[in-house]
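In the numbering used here, the protein residues as written are 705 to 881.
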C-alpha cells in the first residue's frame, strides 16, 4: 500500500490502475482475509509495524468492497470519486484555450476512445474511464500471455502519453488547491 500512496501523490492515473489491480487481487482471494494473507501478503518482504499497516489497509479495502457490494465487479467509491475528478479536469482542460498540447494529444487519442467504446457493450462511461479500461484490459492480456498487436501497443503508447499529461495537470492542480 506504500506503492499506492506514492502513486496517488505522483501519478494519479497509475494510482487508479494499481488500485483496480488490488481490487481484482482481493476478488481473486474471494474477499477472504485469510486467503489474502496466504496468497498475497505473505509475499511482501516487510515486517513489524509496516506489515501490520499493510494488512490493516488491505482489510479496510476488503471491508469497503464488501460494504459496497463489489464482490464480482466495479470499483470502490473512493476510486470513482478520483475518476470523476479526472473527468472534470479533462473537460476543463479541453475548454482552456491555453491547453493546446493537451487538446492536441486528446485529438490523437480520440479515435481510440471511439474504438474502445464500440467494444464496450454499450457501457456508459467518460472518456478517461474508457481509456483507463483500455489500458487495464491490455495489462490483463499481457498477464495472461495473450498476443497484442503492434497497432494496439502503439495506440496505448499514445494513450499513455495523454494520460501522463492529465496526471501532471492533476498533480499541479492538487498542489495549487
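Cβ coordinates follow ideal geometry from the N, Cα and C atoms, glycine included.
Item	Value
Separation of residue 797 from residue 803, as counted between CA atoms	6 Å
Other residues of its chain near residue 820: CB distance less than 8 Å, five sequence neighbours each side excluded	834, 835, 837 and 838
Inter-stretch contact (C-beta, 8 Å, three-pair minimum) for the region 754-771 and the region 721-735	yes
Residues of its chain near residue 845, where Cβ-Cβ distance is below 6 Å and the 5 sequence neighbours each way are ignored	852
Simplified DSSP assignment, three categories, for residue 853	coil
Neighbour-count burial assignment, residue 667, 16 or more Cβ in a 10 Å radius	Since the first residue of the chain shown is 705 and the last is 881, residue 667 is not available in this structure.
Bounding residues of the alpha helix (DSSP H) (the contiguous stretch that carries residue 752)	752-771
Three-state class that DSSP yields for residue 802 in the structure shown	coil
Inter-residue Cα distance where the pair is residue 907 and residue 775	As displayed, the chain neither begins before 705 nor continues past 881, which places residue 907 out of reach and without an answer.
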